[in-house]
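Colleague:
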Amino acid sequence: MTAVAEMTNMTLKGTLKAREPMSRHTSWRAGGVAERFYQPADLDDLALALGSGELLRPVTVIGLGSNLLVRDGGLRGTVVCTVGALKDLTLLAPGVVRAEAGVAGAQVARFSVKSKLNGAQFLAGIPGTVGGMLAMNAGAFGGETWRIVKAVEVMDASGRISVRRPHEFEIGYRHVAGLGQDEWFVAAHFALAAARPDDNVLDIRTLLDQRAELQPVKTWNAGSVFKNPEGDHAARLIESCGLKGLRRGGAVVSEKHANFIINEGEATAADIEWLIEHIRDTVKTETGVLLEPEVRIVGEPA
Ligand SMILES: Cc1cc2nc3c(=O)[nH]c(=O)nc-3n(C[C@H](O)[C@H](O)[C@H](O)COP(=O)(O)OP(=O)(O)OC[C@H]3O[C@@H](n4cnc5c(N)ncnc54)[C@H](O)[C@@H]3O)c2cc1C
């Protein structure tokens, strides 16, 4: 009996698929298939699915796939998608918002403003989930995810949840270490200040308008491909090497923002990865700076 057939006999309430195209779950709309793809019904269902040991290993947890390149040969094991599954968003205590891992940054931002809390507006500029933002220490408009984290809930491979504090992690610019190999974020508790009438509050609409002016937001992309090196900008370095507009298959370096690679429709993951490697090599040769990818590249080549 295949893993998929076995799962149908269990009391799990989520949806399990085989050979699910990851192009449906990544903002680049490219890449191979997931051997198994599980969307749990909720947090309890995820705990049951993991604890039962029935999910094909290894398990990769994803959110909105807005920082993810899945190679064309696909991903072994099971991809667990938190979107639409881990979706609870509540006021846990005065000034503390609890958001499960599948909640989008924009939802947390809007909920906080409605709850008369200040400090989470910048999350509206990040098109990912709470889980992805915790994994990446995502940041925008001067804000950074972990600066507003009071605690996180982490689930292990047996489905057990533990509450951890920020000091238990090593946190830096787009860098978070401290999760075990088989541990995943399932919720964050954000500590926010009570809004006061005289606060110089960041307006979400204005932030998004600013962003649309600078970035090719209506295209298939994964945001900034490379981290900014200390004291400089990856986009400036890439542009200085004349790489804007460089093409490979259906992928192109954005003319609007040189640190974005766009899938114009038919790009393979290999096209995108080729551009990433080419940019890295060229910038290193011409400027001496070795750019570090911000996007996560996973899976097997075709
Ligand atoms: C147009 C655009 C603009 C962007 N702008 C910004 C920006 O301003 N600032 C910024 O920081 N980023 C930006 N990004 C990148 C991206 O949105 C962020 O990195 C975001 O945090 C990723 O969240 P996600 O849910 O899409 O994660 P995914 O892409 O699904 O996953 C990213 C990584 O996190 C891991 N992960 C996901 N969920 C969990 C979990 N629950 N537990 C453990 N690991 C997990 C995945 O396995 C993967 O390794 C942008 C992307 C786009 C497309």
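Heads up, the sequence shown stops at 310 in the working numbering, and the numbers go up one at a time, no gaps.
We put the CB at the ideal spot given by N, CA and C, even for glycine.
As the structure is a computational prediction, the values presented were derived from the model and not from experiment.
(1) Consult DSSP for A38 and reduce its assignment to one of helix, strand or coil.
(2) If you draw a straight line from the alpha carbon of K25 to that of Y46, how long is it in whole angstroms?
(3) In its own chain, which residues sit with a C-beta less than 7 Å from the C-beta of V171, not counting the 5 before and 5 after it?
(4) Closer than 8 Å: is that where the CB of G71 sits relative to any heavy atom of ligand 1?
(5) Excluding the 5 residues preceding and the 5 following N17 in the sequence, name in chain order all residues of the same chain whose CB lies nearer than 6 Å to its CB.
(6) Anyone know if the C-beta pair for V91 and G71 falls short of 9 Å?
(7) Rank D217, G140 and E294 by C-alpha distance to the C-alpha of H183 and give the top, closest one.
(8) To the nearest angstrom, how far is it from the Cα of D190 to the Cα of L298?
(9) So, does the stretch 220–227 touch the stretch 237–251, judging by three or more C-beta pairs under 8 Å?
(10) Out of curiosity, what's the CA-to-CA distance linking H286 and A277?
(11) Let's see if you can read the secondary structure: which residues bound the beta strand (DSSP E) around F193?
(12) When you compare only the Cα positions, how much space is there between A201 and P102?
(13) DSSP state of R255, grouped into three classes?
(14) Does DSSP classify H241 as helix, strand or coil?
(15) Pull up the DSSP beta-bridge partners for L76, would you.
(16) Is it true that the CB of S166 sits closer than 9 Å to the CB of G59?
(17) Any chance the CB of G133 is under 8 Å from a heavy atom of ligand 1?
Modeller: In brief:
(1) Counted from its first residue, the sequence shown places residue 38 at position 30. DSSP places A38 in coil when its eight states are reduced to three.
(2) To locate residue 25, count along the sequence shown from 1; it is residue 17. To locate residue 46, count along the sequence shown from 1; it is residue 38. Whole-angstrom Cα-Cα distance: 6 Å.
(3) In the sequence shown, the residue the question calls residue 171 occupies position 163. Once the five neighbours on either side are set aside, the close Cβ partners of V171 are A159 and E161.
(4) Translated into positions along the sequence shown, residue 71 becomes position 63. The answer is yes for G71.
(5) Residue mapping note: residue 17 aligns to position 9 of the sequence shown, counting from 1. Interpretation of N17 is limited by its pLDDT of 44, a score under 50 that renders its predicted location unreliable; the figure taken from the coordinates is listed afterwards. Taken in chain order, the list of residues that qualify is empty.
(6) Taking the first residue of the sequence shown as position 1, residue 91 is located at position 83. Taking the first residue of the sequence shown as position 1, residue 71 is located at position 63. Their beta carbons are under 9 Å apart, which means V91 touches G71 by this criterion.
(7) The count along the sequence shown starts at 1 and reaches residue 183 at position 175. For H183, the nearest C-alpha among the options comes from G140.
(8) Position 182 of the sequence shown, counted from the first residue, corresponds to residue 190. Position 290 of the sequence shown, counted from the first residue, corresponds to residue 298. If you take the alpha carbons of D190 and L298, they lie about 30 Å apart.
(9) no
(10) In the sequence shown, counting from the first residue as 1, residue 286 sits at position 278. In the sequence shown, counting from the first residue as 1, residue 277 sits at position 269. If I take the Cα positions, the gap works out to 14 Å.
(11) Here residue 193 refers to the residue found at position 185 when the sequence shown is read from its first residue. First-last of the beta strand (DSSP E) with F193: E191 to A199.
(12) Start at 1 with the first residue of the sequence shown, and residue 201 comes out as number 193. Start at 1 with the first residue of the sequence shown, and residue 102 comes out as number 94. The straight-line gap from Cα to Cα measures roughly 9 Å.
(13) Translated into positions along the sequence shown, residue 255 becomes position 247. In this structure, R255 counts as strand in the three-state DSSP scheme.
(14) Residue numbering aside, residue 241 sits at position 233 when the sequence shown is read from its first letter. In this structure, H241 counts as coil in the three-state DSSP scheme.
(15) By one-based count along the sequence shown, residue 76 stands at place 68. Its beta-bridge partners are R304.
(16) The residue labelled residue 59 in the question sits at position 51 within the sequence shown. The residue labelled residue 166 in the question sits at position 158 within the sequence shown. Contact: yes.
(17) On the sequence shown, residue 133 is found 125 positions in, with the first residue counted as 1. Checking every heavy atom of ligand 1 against the Cβ of G133, one is found closer than 8 Å.
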